[in-house]
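In this note's numbering, each residue carries its 1-based index in the sequence shown increased by 6.
Everything on this sheet refers to the single structure shown next.
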Amino acid sequence: MRVLAVTDLHYRLPLYDWLIQAGADADLVTIAGDLLDIVSPVPHESQAVVVAEYLRRLAGQTPVAVCSGNHDLDGPGPTGEQNAAWLQQLDVPGLSTDGSSLDVGDVRVTVAPWWDGPATQGQVARQLSDAADERPDRWVWLYHAPPAQTRLCFDGRRSFPDESLTAWVQAWQPDLVLCGHIHQAPWANGGAWHDRLGRTTVINPGKQIGKVPPHVWLDLDAGVATWSGLGETDTIDLW
């Protein structure tokens, strides 16, 4: 099973064009949040319409899993906390979004939303607990922020840890967590594009300039991940 993992596309449409082409060779494409960009001059609602069409095109050729990031939030949800309703409401065959899990062969992919407060945080914890039941051989999480106690949190000056995610990883021990949020981590002195929390491999592809996003090809059968970014490549064993 080949997975193409990206993150933090931030409404840069050439990156979506590249993803449509590259994704044709994948068994699954994952986007770990921040599909939109709150500082873009394009209205947020218009961005959501355009990106939704890209996701339809992408899901028309291969399964796609997408979680929300902080730039994707569009207003208070039922709990009164911010959520990405535009993403959750997409009804696209082959597309899995916030709050869902999909099984592809012997791999379960659980897609967790960006949490804005204790209610949403509790929803994520319950989602992960439910998805742990009868988990298959491999379990992959998609979550925007990187976990605490990893180099993926470090941007070269300070760390931005998600302590909740670390606690969840330690509780349920997934095989792989795909995240983003800290754009500079792969290149920062003291940062990285990959790390481990116990038995769990954690990956943050990062964000770069240009028309090709930093990306990771994961061969889950061979247990190998290859990262490409800013002209560099690196390969690690996943398990």
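Ideal placement from N, C-alpha and C gives every residue a C-beta, glycine not left out.
Please state whether DSSP places Glu169 in a helix, a strand or coil. Reading the sequence shown from its first residue, position 163 is the one you call residue 169. The answer is helix: DSSP assigns Glu169 an H, G or I state.
Please indicate yes or no: does the CB of Ala71 lie closer than 6 Å to some heavy atom of the ligand SAM? Looking at this structure, you won't find the ligand SAM or any other ligand, since it has none at all.
Strand pairing of Trp223, partner residues [DSSP]: If you number the sequence shown from 1, residue 223 lands on position 217. Trp223 is bridged by DSSP to Leu10 and Thr232.
Where does the unbroken alpha helix (DSSP H) through Asp109 begin, and where does it stop? Position 103 of the sequence shown, counted from the first residue, corresponds to residue 109. Unbroken run through Asp109 is the beta strand (DSSP E), Ser106 to Val110; no alpha helix (DSSP H).
Return the residue from the list Lys213, Arg163, Asp161 and Trp174 that minimises the CA-CA distance to Ala137. Mapped onto the sequence shown, residue 137 falls at position 131. Here the closest residue by C-alpha is Trp174.
Within 7 Å, strictly: CB atoms of Ala90 and Leu79: Residue 90 sits at position 84 when you count from the first residue of the sequence shown. Residue 79 sits at position 73 when you count from the first residue of the sequence shown. In this structure, Leu79 lies closer than 7 Å to Ala90 by Cβ.
Beta-carbon contacts of His6 that lie in its chain and below 7 Å, excluding the five residues immediately before and after: Lying outside 7 to 245, the shown extent of the chain, residue 6 is not represented and no answer is given.
Host alpha helix (DSSP H) of Ile26 (start-end): For the purposes of this step, residue 26 is taken as residue 20 along the sequence shown, with counting starting at 1. Per DSSP, Ile26 is one residue of the alpha helix (DSSP H) stretching across Leu19 to Gly29.
Using alpha carbons as the reference points, say which of Cys185, His200 and Thr206 lies closest to Thr241. In the sequence shown, residue 241 corresponds to position 235, counting from 1. Across the set Cys185, His200 and Thr206, the C-alpha of His200 shows the shortest separation from the C-alpha of Thr241.
What ranges does the alpha helix (DSSP H) occupy inside the stretch 150 to 206, keeping only unbroken runs of at least 4 residues that lie completely in it? You should have 169 to 178.
Can you have a look at Trp121 and say buried or exposed, based on whether 16 or more other CB atoms are within 10 angstroms of its CB? Sequence index remark: in the sequence shown, residue 121 carries index 115 (1-based). Trp121 comes out buried.
At the level of alpha carbons, what is the spacing between Arg205 and Gln179? Mapped onto the sequence shown, residue 205 falls at position 199. Mapped onto the sequence shown, residue 179 falls at position 173. The alpha-carbon atoms of Arg205 and Gln179 are separated by roughly 7 Å.
So, for Gln67: in the same chain, excluding its five sequence neighbours on each side, which residues have a beta-carbon less than 7 Å away from its beta-carbon? The residue labelled residue 67 in the question sits at position 61 within the sequence shown. Non-local C-beta neighbours of Gln67 in its own chain, meaning closer than 7 Å and more than five positions away in sequence, comprise Gly29 and Ala30, ordered along the chain.
In this structure, how does DSSP classify Asp136 when only helix, strand and coil are distinguished? Translated into positions along the sequence shown, residue 136 becomes position 130. Secondary structure of Asp136 (DSSP, three-state): helix.
Would you report the Cα separation of Gly216 and Glu140, rounded to the nearest angstrom? Along the sequence shown, one-based indexing puts residue 216 at 210. Along the sequence shown, one-based indexing puts residue 140 at 134. Going from the Cα of Gly216 to the Cα of Glu140 covers about 42 Å.
Ordered along the chain, which non-local residues of its own chain (more than five positions away) have a Cβ less than 6 Å from that of Ile209? Here residue 209 corresponds to residue number 203 of the sequence shown, with the count starting at 1. Listed in chain order, the non-local C-beta contacts of Ile209 below 6 Å within the same chain comprise Leu184, His200 and Val222, local neighbours out to five positions each way being set aside.
Go ahead and label Gln176 buried or exposed: buried means 16 or more other beta carbons lie within 10 angstroms of its beta carbon, across all protein chains shown. Against the sequence shown, residue 176 aligns to sequence position 170. By the neighbour-count rule (16 or more Cβ atoms within 10 Å), Gln176 is not buried but exposed.
Would Asp168 pass as a contact of Ala151 if the rule is Cβ separation under 7 Å? Along the sequence shown, one-based indexing puts residue 168 at 162. Along the sequence shown, one-based indexing puts residue 151 at 145. Yes, the pair counts as a contact, with Cβ atoms nearer than the cut-off.
Where does Thr126 fall in DSSP's three states? For the purposes of this step, residue 126 is identified with residue 120 of the sequence shown, where counting begins at 1. For Thr126, the three-state secondary structure derived from DSSP is helix.
If you run the structure through DSSP and keep just helix, strand and coil, what is Ala118? By one-based count along the sequence shown, residue 118 stands at place 112. The answer is coil: DSSP assigns Ala118 none of H, G, I, E or B.
Using the Cα positions of Thr239 and Thr232, report the straight-line distance between them to the nearest angstrom. Walking along the sequence shown from the start, residue 239 turns up at place 233. Walking along the sequence shown from the start, residue 232 turns up at place 226. When only Cα atoms are considered, Thr239 and Thr232 end up about 7 Å apart.
Once DSSP output is grouped into helix, strand and coil, what is the label at Gln88? One-based indexing of the sequence shown puts residue 88 at position 82. Secondary structure at Gln88: strand, using DSSP grouped into helix, strand and coil.
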